[in-house]
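Undergrad: Residue numbers (our numbering): 238 to 483.
Glycine is no exception: its CB is placed at the ideal position from the N, C-alpha and C atoms.
Sending over a structure as structure tokens; questions will come in a sec.
This is how it looks when you write it as structure tokens:
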């Protein structure tokens, strides 16, 4: 081991951080992976469905500070926080709206933590008491049509178990490969009833011509206690037509 390697090894042991010489390994940051493979790729339009308070928006701005970022957050209090944070960014457009498989009003169950708010499903126990809010739902296809959006470079979905419904509302855009990359949050074990199983998302997107690009943000099961198997992850898919033409 040379001097550089010895210094690196010493610092890593002292700080408990891992350092890399040239680039982050594949599977850590999807945007770094995209830049590594498609050098010079520009993202003109990004969708953040389930923005919460804009945690992902900051990553988008680092990736491409000039891109138009469409944020969708249906809960009023969370939406107000999101809008306030990015009020000075003219390219960040916030919408108090849920994207789903149909147009209309849906019920949202509110949690103590805003990132755990979720759509009330038909199978949910009606006797269970919880705070809810009626919100407006629209399909991604219709939103794009109404706003003259013909292409999305990166679609990120994090809707706490509603991701497949969002995809079903984007049939036209997906069928015509008008979205380059799709990020979804997937359940990784059969005991996780909160997220859409990865098999369901993978099957749906593969039928649309999207193949798995990478797996990110892997989290082990922690309910009710930590377990040595995965609970969820973020899966990123790439359009077959995109990588064949690039």
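#1: Nearest by alpha-carbon distance to residue 390: which of 426, 275, 263 and 261 is it?
#2: Identify every residue that forms a DSSP beta bridge with residue 285.
#3: Buried or exposed for residue 267, please, with buried defined as at least 16 other CB atoms from any protein chain shown within 10 angstroms of its CB.
#4: Find out if the Cβ-Cβ distance for the pair residue 467, residue 426 is shorter than 9 Å.
#5: Going by Cα to Cα distance, which pick from 323, 416, 282 and 423 is closest to residue 303?
#6: Tell me whether residue 414 sits in a helix, a strand or coil according to DSSP, three-state version.
#7: Where residue 379 and residue 386 are concerned, what is the direct C-alpha to C-alpha distance, given to the nearest angstrom?
#8: Taking residue 472 as the reference, give the member of 460, 479 and 447 with the closest Cα.
#9: Return the first residue and the last residue of the beta strand (DSSP E) that residue 334 is part of.
#10: With DSSP run on the structure shown, which of helix, strand or coil describes residue 472?
#11: Since I believe residue 308 is in contact with residue 288 (beta carbons under 8 Å), could you give me their beta-carbon distance rounded to a whole number of angstroms?
#12: Between the Cα of residue 329 and those of 345, 388, 301 and 376, spot the shortest distance and give me the residue it belongs to.
#13: In terms of alpha-carbon separation, which member of 278, 290, 420 and 429 lies closest to residue 462?
#14: Thinking residue 372 and residue 335 are a contact (beta carbons under 8 Å), I'd like their distance in whole angstroms, please.
#15: Express the C-alpha separation of residue 457 and residue 477 in angstroms, rounding to a whole number.
#16: Identify the residues that DSSP records as bridge partners of residue 344: which are they?
#17: For residue 293, which residues of its own chain have a beta-carbon under 7 Å away from its beta-carbon, when the five flanking residues on both sides are left out?
#18: Buried or exposed: where does residue 465 fall if 16 or more other Cβ atoms within 10 Å of its Cβ makes it buried?
#19: Just to confirm my understanding: we take residue 417, look at its own chain, exclude 5 residues before and 5 after, and list those with CB closer than 6 Å. What are they?
#20: Cα separation between residue 432 and residue 424?
#21: What are the boundary residues of the alpha helix (DSSP H) that includes residue 302?
#22: Excluding the 5 residues preceding and the 5 following residue 322 in the sequence, name in chain order all residues of the same chain whose CB lies nearer than 7 Å to its CB.
#23: Quick check: residue 312 and residue 370, are their CB atoms within less than 9 Å of each other?
#24: Note down the Cα distance separating residue 413 from residue 377, rounded to an integer number of angstroms.
#25: Just how far apart, CA to CA, sit residue 434 and residue 346?
#26: Would you report the Cα separation of residue 341 and residue 403, rounded to the nearest angstrom?
TA: In short, the structure shows the following:
#1: 275
#2: 308 and 393
#3: buried
#4: yes
#5: 282
#6: coil
#7: 10 Å
#8: 447
#9: No beta strand (DSSP E) holds residue 334; DSSP gives it neither H nor E.
#10: strand
#11: 4 Å
#12: 301
#13: 429
#14: 5 Å
#15: 30 Å
#16: 371
#17: 285 and 393
#18: exposed
#19: 390, 476 and 479
#20: 5 Å
#21: Segment: none, residue 302 is in no alpha helix (DSSP H) and carries neither H nor E.
#22: 290 and 291
#23: yes
#24: 14 Å
#25: 21 Å
#26: 14 Å
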